[in-house]
Amino acid sequence: MTSPAERYAQSKRRAARVAEFPALEDFMLDVGFDLDDFQRAACESLERGSGVLVCAPTGAGKTVVGEFAVHLALRAGERKCFYTTPIKALSNQKYHDLVQRYGPDKVGLLTGDNAINGDAPVVVMTTEVLRNMLYSGSAALKNLAYVVMDEVHYLADRFRGAVWEEVIIHLPASVTLVSLSATVSNYEEFADWLVTVRGETEVVVSEHRPVPLWQHMLVGRRMFDLFHDPDAARKHDVHPELLRYTREMLRRLEMTDRSYGPGRGGRSRRWQPPPRAEVVERLERADLLPAILFIFSRAGCDAAVQQCLSAGLRLTDADERAEIRSIAEARVASIPREDLSVLGYWEWLDGLERGVAAHHAGMLPAFKEAVEECFVRGLVKAVFATETLALGINMPARCVVLKRLVKFNGEAHVDLTPGEYTQLTGRAGRRGIDVEGHAVVLWSPEVDPRHVAGLASTRTYPLRSSFRPSYNMAVNLVGTVGADKARDLLESSFAQFQADRSVVGLARQVQRNVDTMQTYAQDEACHHGDFDEYFAIRVAIADQERAMARQGATQRRAAAVSSLERLRVGDVIRVPQGRRAGLAVVLEAPDGGFGEPRPLVLTQDRWAGRVSPADFAGAAEVLERIRVPKHFNHRSPGARRDLAAQISATGLDRHGSGRRRSRGGADGEDPEIALLKVQMRQHPCHACPDREEHARWAERRHRLQRDTEALRAKVAGRTGSLARTFDQVCAVLAERGYLSGDGEVSELGRMLGRIWSEADLLVAECLRLGLWDQLAPEELAAAVSMVLYESRREGDDRASVPKGAITEAVDACGKLWADIAADEAEHGLSLTREPDPGFVWPMYRWARGEPLAKVLASGHNYDADMPAGDFVRWARQVLDLLGQLREASAASESLRDTARKAITAINRGILAYQGAL
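Each residue of the sequence shown is one higher than the last, beginning at 1 in my numbering.
Structural data, given as structure tokens:
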């Protein structure tokens, strides 16, 4: 028990604190709980008038600091606070929270979809809205005192990150900035930059998780702790029992392989990961639900839910099922019944009612929001999710499970970084509900527990700027501050700040590479002749062969497309590759109207579905014709069985003769390659007995030379790089009339400054040249989609488009892009992505009022129908751009009117759904 003297001293300290920070004491009475040390430190800095950067783990309570900035603005009266978030869902969430505390008259919301009480003293908005306000000199900025940037680490985002830096640089000096970030390893660097552009900024860092996280590995059916105790975790020491058990498992698998021979692809024949339903049941027995199980593929998430349903898994009682159904029905109330069937609503609802669901970008927003609400309420117990769930949405769990430590980044399969691992596992542990959170990694022969320990113990999540000048940014900067000041502002960006610091390290690496290459040159030297000259011939042969192979693949693809388009009902063909290889009969010829041909077929194994050119190595040959009943129902097992028997009765060999076409040989060899090979064989070094040894050193030197040239280009490019890029962007704009000769913004430039799109210049040029003026509403919607849409995967073939006016508009847009790309290349730029017509058909059909089933079936480059979530996301971007065209000063009156009609035509069915506000 404390003495009277100690109690007196404590009360004096409390009184002094109240006197020094009266606003904070008021706020704490309002909040109703004691603040953590880092929260108090950040709030005190704010009340002293300093800006703050708060770095803390997910769920630590960073937003309390942002809410204190709101409190300060309201307390002062006549002052404003803007609270910015990276995504609309977070804005909606924060708007609700603040309305609950301060009332609807004091809080507003501005996102791309909603504008509520925009003149309120506190406005929640997406970061892009604030950026647009700054460029337009909006009257709403008057009396702005505080800006809260929630999730400020989004400035590393490749596509949208530049917006955060634009806001930080352009905010008036009188505005106090509150930056809230996840734990990043280079926070000192970020803080140093904030001080240079914003003035006094206090850094408050907390590594402490409010709910402790325990790491585990599930090996088969046994769960192990990854670390014995916290001290072992700090030293990366894996639990000895886990190491012993996994070594024993590997030894047994090796013995099995020796007995039976390795399986396909060299993988262990006997190892099978535990079924998903079994993993969920294991978590339920250990009282670790609700859980998020991360699977880095949309199809994998959907398949996992199906596996759980097939296994009869049920995690809910009758009351919970009734509550889940009412939530789901409320979310989909505005969606037409016929569309629900197309969207797989009943199958999805079955899983949801059993407490199991998927969560990924391919899902309809209404479905995703229902999953989120049910999970937060504790009704859904297991969610199979892609890593996008780790970004932003407040959806914590008791346990997080990682199936693999490798993910596809859009280009290749890569290992998870420690930062990504921390971000994913950061969802485990619900503050105020769970005493501790749990992260579980599923063991497989490829997963070493020591590697997991390294990921779990490393706190490296560096913040890297993605800032670069765009056309829209350039005209807005020149229009507001002039070209010279604009250049200075760009030089003050975080991107340039990091680039200048990194040049020193790059220059050192170049010198090390040069020294190493000299060593390699000595090792590759050949006494027969000039080995560099000989190796250059070998490299030229390899490059030419690769080019020929690419050309051959394109020709084979074109042959497959052409042959599939000619198929008719009853044609018997052979599918040479893929899971459905073998004989098949055509049930439904491909619709020649859109996309790549995908005929409906029935295979000899009784599988009915669509095949695509990807299933054929070349032209599909018609081997036979059989009669297909007029009203054949491919969903009937009996009908499938009878027709499959007819295929077998043809007596055709399902795999063909096994002979393969020659892809080269003396007769078909490229003359250039043949000549290079003659030169190679005649070179003196070709006769050297140590030729291949020399070649190995030459290859190493060649690779290192390539890397060194790239590093030198980086060094040259990073020194003053942004100002140089800005000058090149301005040169392109001046040539096209968006900037005048003396650097002033023209009328066209002002129009470009109001176009917010990655393809800003292409859109502006389409308007200037009137490419879209003569289109009908549905044609306009389809035509603008190509400047926005980007396929999830690259395909060799170009999507088909409706004939007539759209074809002309699409072709004209493609030519215009080629013109812009040539101008950019001349100035050393590559800013405008090639238009992609892959969304033209779905958008055209939807704007014409066609049913959802037909619209989703017309997606290009998908294995099956286009996912509804993808359709909604791209269609909303089309709506946003049409909204900009409706207001564009350079657009003709008829085009603005067409854009209005197109918006009305698109806003129906699943697109009329706005989500819960």
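For each residue, glycine too, the CB sits at the ideal point set by N, CA and C.
A direct Cα-Cα distance of roughly 7 angstroms separates residue 44 from residue 21. Per the C-alpha coordinates, the member of 776, 76, 541, 808 positioned closest to residue 672 is 541.
With 16 or more neighbouring CB atoms inside 10 Å of its own CB, residue 151 falls in the buried class. For the options 417, 566, 701, 806, the alpha carbon positioned closest to that of residue 523 is the one of 701.
Scanning its chain for C-beta atoms nearer than 7 angstroms, with the 5 sequence neighbours on each side dropped, one finds around residue 170 the residues 134, in chain order. Between residue 217 and residue 179 the beta-carbon gap is near 36 angstroms, outside 8 angstroms, which marks them as no contact.
The residue among 623, 471, 608 with its C-alpha nearest the C-alpha of residue 639 is 608.
Residue 83: member of the beta strand (DSSP E) spanning 80 to 85, first to last residue. Taking the C-beta atoms as reference points, residue 628 is found no nearer than 8 angstroms to residue 575.
Positions of the beta strand (DSSP E) runs, each at least 3 residues long and wholly inside the segment 540 to 599, are given as 571 to 575, 582 to 588 in order along the chain. In the DSSP annotation of this structure, the continuous segment of the beta strand (DSSP E) that includes residue 225 starts and ends at 222 to 225.
Secondary structure at residue 688: coil, using DSSP grouped into helix, strand and coil. In the same chain as residue 95, and ignoring 5 residues on each side of it, the C-beta atoms closer than 6 angstroms to its own belong to 109, 124, in chain order. The alpha-carbon separation between residue 677 and residue 688 amounts to approximately 16 angstroms. With a beta-carbon spacing of about 39 angstroms, residue 455 and residue 726 fall beyond the 8 angstroms limit used to define contacts. Under a 10 Å Cβ-count criterion, residue 877 is classified as buried, with 16 or more other Cβ atoms of the shown protein chains found around its own Cβ. The segment 769 to 779 and the segment 805 to 823 touch, with three or more beta-carbon pairs separated by less than 8 angstroms.
The alpha helix (DSSP H) runs lying completely inside the segment 694 to 782 and spanning 4 residues or more are 721 to 735, 747 to 752, 760 to 768, given in chain order. A distance below 6 angstroms between beta-carbons, with the five flanking residues on each side excluded, links residue 238 to the following residues of its chain, in chain order: 449, 450, 453. Taken through DSSP and simplified to helix, strand or coil, residue 136 comes out as helix.
Annotation: residue 387 to residue 790 spans about 20 angstroms, alpha carbon to alpha carbon.
In this structure residue 587 is in contact with residue 569, their Cβ atoms being roughly 7 angstroms apart against a cut-off of 8 angstroms.
Annotation for residue 274: 218, 220, 221, 282, 442 place their beta carbon closer than 8 angstroms to its own, counting only its chain and skipping 5 residues before and after. Within the model, the alpha-carbon separation for residue 194 versus residue 55 is close to 14 angstroms. Per DSSP, the continuous beta strand (DSSP E) segment holding residue 217 begins and ends at 213 to 219.
In the DSSP assignment, residue 321 falls outside any beta strand (DSSP E) and lies within the alpha helix (DSSP H) extending over 318 to 331. Per the DSSP secondary-structure output, residue 167 pairs with nothing in a beta bridge. Distance from residue 364 to residue 872 at the Cβ level is roughly 6 angstroms; contact confirmed, criterion being Cβ atoms closer than 8 angstroms. The Cβ atoms of residue 401 and residue 440 lie closer than 8 angstroms to each other. Secondary structure note for residue 202: its beta strand (DSSP E) is the uninterrupted segment 201 to 205.
Of the other Cβ atoms in all chains shown, fewer than 16 fall within 10 Å of the Cβ of residue 337; this residue is therefore exposed. Secondary structure at residue 615: helix, using DSSP grouped into helix, strand and coil. With fewer than 16 other CB atoms across the displayed protein chains lying within 10 angstroms of its CB, residue 77 is exposed.
Taking the C-beta atoms as reference points, residue 36 is found nearer than 8 angstroms to residue 61. Residue 436 has its alpha-carbon roughly 8 angstroms from the corresponding atom of residue 398. Residue pairing by DSSP places residue 624 opposite 572 in a beta bridge.
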